[in-house]
Amino acid sequence: AAVLLKLRGYGIIRITLMFSPLMELSYPFIILALWGILMTGLICTRQTDLKSLIAYSSVSHMGLVVAATLIQTTWSFMGAMVMMITHGLISSALFCLANTNYERTHSRTMLLSRGMQMMLPLMTAWWLLLSLFNMALPPTPNFWAEISIMISLFNWSKWTILITGLGTLVTAIYTLYMFLMTQRGQLPKHLNSIPPSFTREHCLMTMHLIPLLMLMFKLELISGNF
188 AAVLLKLRGY GIIRITLMFS PLMELSYPFI ILALWGILMT GLICTRQTDL KSLIAYSSVS
248 HMGLVVAATL IQTTWSFMGA MVMMITHGLI SSALFCLANT NYERTHSRTM LLSRGMQMML
308 PLMTAWWLLL SLFNMALPPT PNFWAEISIM ISLFNWSKWT ILITGLGTLV TAIYTLYMFL
368 MTQRGQLPKH LNSIPPSFTR EHCLMTMHLI PLLMLMFKLE LISGNF
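First residue of the sequence shown? That's 188 in the numbering used here, and the numbers climb one at a time after it.
Right under this line is the structure:
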């Protein structure tokens with residue numbers, strides 16, 4: 188999700204820069220990308236597998252990137268570039284957190300790994316922080332990327348605000364669903380004793396978080412020069 192999926196968006200950006208804007212040919216692909224945002228977001232709300240939910244979340248965010256690159260405006264290219272880099276860090280960190288749960292519960296089913304806040308409170312803090320980043324809470328870089336893309340789409344067609352607005356709402360719903368299902372609730376009986384969180388895990392999460400925090404103050408480092 189952090190590398191392979193983003194290479195597709197990077198390839199689309201490189202190719203579209205070689206051609207003059209042909210909006211008539213891009214209409215069906217932009218509509219499909221916007222529809223994919225909503226559909227994959229709704230699929231996330233029905234997931235029981237934690238890693239599948241995070242993977243579908245990455246696909247949903249890439250719908251915004253594809254739509255933005257096909258519009259071929261300065262703001263859309265900048266938003267797409269920031270979105271790919273920041274969500275690459277966020278999805279990678281979420282997969283790391285999902286693996287820490289799997290190492291202790293030996294299951295990716297969220298119903299079988301509930302109540303982790305009672306056993307691993309520090310990891311819950313990481314879950315909360317990255318969930319807020321995934322929801323594009325201001326002033327995170329993800330927020331500025333989504334705002335740039337949504338404004339570009341709105342300038343292209345005012346009707347796109349309906350789909351992008353619903354997509355943002357669905358993103359918040361499945362992110363909160365993921366957090367509440369894994370961290371809140373009653374601890375299953377088979378998880379009465381699990382290993383504590385290790386220093387290497389906190390160092391790994393810190394290495395993901397530091398670039399995201401730095402980009403909040405210097406976003407032009409990754410926004411590109413279009």
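Think of the CB as a built atom: it goes at the ideal place given N, C-alpha and C, for glycine as much as any other residue. A quick note: this is a predicted structure, and the numbers were derived from the prediction, not measured.
#1: For T296, list the residues DSSP reports as bridge partners.
#2: How many whole angstroms separate the CB atoms of W314 and L284, which I take to be in contact at a CB cut-off of 8 Å?
#3: Under 8 Å Cβ to Cβ from Y197, same chain only, skipping five residues before and after it: list those, please.
#4: Should Q373 be labelled buried (16 or more other beta-carbon atoms within 10 Å of its own) or exposed?
#5: Take the Cβ of P215 as the centre, count every other Cβ of all protein chains shown within 10 Å, and call the residue buried at 16 or more, exposed below.
#6: Please work out which residues of its chain come closer than 7 Å, Cβ to Cβ, to Y364, disregarding the five sequence neighbours upstream and downstream, and give them in chain order.
#7: Restricting to Cα atoms, I'd like to know which of M303, L309 and W331 is closest to F385.
#8: Just reading off the alpha helix (DSSP H) that H414 is part of, what are its end residues?
#9: Between I348 and K376, what straight-line distance do the alpha-carbon atoms span, to the nearest angstrom?
#10: Any chance the CB of V357 is under 7 Å from a heavy atom of the ligand HEM?
#11: How would you call T296, buried or exposed, if buried means at least 16 neighbouring beta carbons within 10 angstroms?
#12: Given a threshold of 16 other Cβ atoms within 10 Å of its Cβ, counted over all protein chains shown, does P325 qualify as buried or as exposed?
#13: Note down, in chain order, each residue of its chain lying with its Cβ closer than 6 Å to the Cβ of H248, except the 5 sequence neighbours on either side.
#14: Starting from V357, trace the alpha helix (DSSP H) both ways and give me its first and last residue.
#15: Would W262 and S380 be called neighbours here (beta carbons separated by less than 8 Å)?
#16: Tell me whether L324 sits in a helix, a strand or coil according to DSSP, three-state version.
Reading off the structure:
#1: D236
#2: Rounded to whole angstroms, the Cβ separation of W314 and L284 is 6 Å, and the two are in contact under 8 Å.
#3: M271
#4: exposed
#5: exposed
#6: T232
#7: L309
#8: There is simply no residue 414 to check, as the chain begins at 188 and stops at 413 in what is shown.
#9: 46 Å
#10: With respect to the ligand HEM, the structure shown offers nothing to examine, as it has no ligands at all.
#11: Looking at its Cβ environment, which holds fewer than 16 other Cβ atoms inside 10 Å, T296 is exposed.
#12: exposed
#13: H274
#14: T347 to Q370
#15: 8 Å or more divides the Cβ of W262 from the Cβ of S380.
#16: coil
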